[in-house]
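Asker: Residue numbers (the UniProt record's numbering): 1 to 143.
Just so it is clear, CB atoms sit at the ideal spot from N, CA and C, and this is done for glycine as well.
Provided herewith is a single structure, encoded as structure tokens, for subsequent inquiry.
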Amino acid sequence: MSDATVNTAQDCLFCKIISGDIPSRKIDEDEHSYSFLDVAPFHRGHTLVVPKRHLDSVLGEPSAWAEITPAIDRVSRLLVDRLDADGLNLFSSAGAVAGQEVFHLHVHLLPRYADKPGLRELFGPKPMATDSELDAVWRQITE
Numbered sequence: 001m002s003d004a005t006v007n008t009a010q011d012c013l014f015c016k017i018i019s020g021d022i023p024s025r026k027i028d029e030d031e032h033s034y035s036f037l038d039v040a041p042f043h044r045g046h047t048l049v050v051p052k053r054h055l056d057s058v059l060g061e062p063s064a065w066a067e068i069t070p071a072i073d074r075v076s077r078l079l080v081d082r083l084d085a086d087g088l089n090l091f092s093s094a095g096a097v098a099g100q101e102v103f104h105l106h107v108h109l110l111p112r113y114a115d116k117p118g119l120r121e122l123f124g125p126k127p128m129a130t131d132s133e134l135d136a137v138w139r140q141i142t143e
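So, in structure tokens, the structure goes:
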């Protein structure tokens, strides 16, 4: 993936948080990952899970997900349990066109609460795809 906005470990906000140069509210840490509260949360408890080594996005290296999957599982369960959440969303954006703003792989964990709007309310309803649209994209992916 090429992005003019991709940063290096030296100027990366999340690398500076991991190193302690920028303070954070740490939720979890292990050998490969660091998790902390998002300073601009969608909902109460919105947490980011990042690999300790600098990787621009999940598209950059096949092992990227494997390094942070244990932390994603651990922190997801912790958030739901401790915050009495009714559910959880998780997502990651890869590339500026997908909305990625900090070019260090990160996964958003959003505890969800019955009294707060869901993703459909935040992003609006999605139109149904036609069979021909689904068939065309399916062929493009699988052939």
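Which runs of the alpha helix (DSSP H), 4 residues or longer, sit entirely within the UniProt domain "HIT" (13-119)?
Answerer: Taken in chain order, the whole alpha helix (DSSP H) runs of length 4 or more contained in the UniProt domain "HIT" (13-119) are 13-19, 64-82.
Asker: If we count the other Cβ atoms within 10 Å of its Cβ and call it buried at 16 or more, is Arg112 buried or exposed?
Answerer: Position 112 of the sequence shown, counted from the first residue, corresponds to residue 112. Arg112 comes out buried.
Asker: Give me the Cα-Cα distance between Val39 and Gln140, rounded to the nearest whole angstrom.
Answerer: Taking the sequence shown and counting its residues from 1, the one referred to as residue 39 is at position 39. Taking the sequence shown and counting its residues from 1, the one referred to as residue 140 is at position 140. Cα to Cα, the separation comes out at about 39 Å.
Asker: Using only CA atoms, which one of Pro70, Glu61, Cys12, Gly20 lies nearest to Glu31?
Answerer: Along the sequence shown, one-based indexing puts residue 31 at 31. Comparing Cα-Cα distances from Glu31 to each of Pro70, Glu61, Cys12, Gly20, the minimum goes to Pro70.
Asker: For Glu143, which of helix, strand or coil comes out of DSSP?
Answerer: Taking the sequence shown and counting its residues from 1, the one referred to as residue 143 is at position 143. If DSSP states are grouped into helix, strand and coil, Glu143 belongs with coil.
Asker: What do you get for Leu79, buried or exposed, if any count of 16 or more other CB atoms within 10 angstroms of its CB means buried?
Answerer: For the purposes of this step, residue 79 is identified with residue 79 of the sequence shown, where counting begins at 1. So Leu79 ends up on the buried side.
Asker: Whole angstroms are fine: how far does the CA of Ser24 sit from the CA of His104?
Answerer: Your numbering for residue 104 matches position 104 in the sequence shown. Your numbering for residue 24 matches position 24 in the sequence shown. Answer to the nearest angstrom: the Cα atoms are 16 Å apart.
Asker: Let me know the secondary structure DSSP gives Ala136 once reduced to three states.
Answerer: Position 136 of the sequence shown, counted from the first residue, corresponds to residue 136. Helix, per DSSP.
Asker: Given a cut-off of 7 Å on the beta-carbon distance, is the pair His106 and Leu13 in contact?
Answerer: Residue mapping note: residue 106 aligns to position 106 of the sequence shown, counting from 1. Residue mapping note: residue 13 aligns to position 13 of the sequence shown, counting from 1. Not in contact: His106 and Leu13 (Cβ atoms no closer than 7 Å).
Asker: Nearest-angstrom Cα distance between Arg44 and Glu143?
Answerer: Position 44 of the sequence shown, counted from the first residue, corresponds to residue 44. Position 143 of the sequence shown, counted from the first residue, corresponds to residue 143. Approximately 43 Å between the Cα atoms of the pair.
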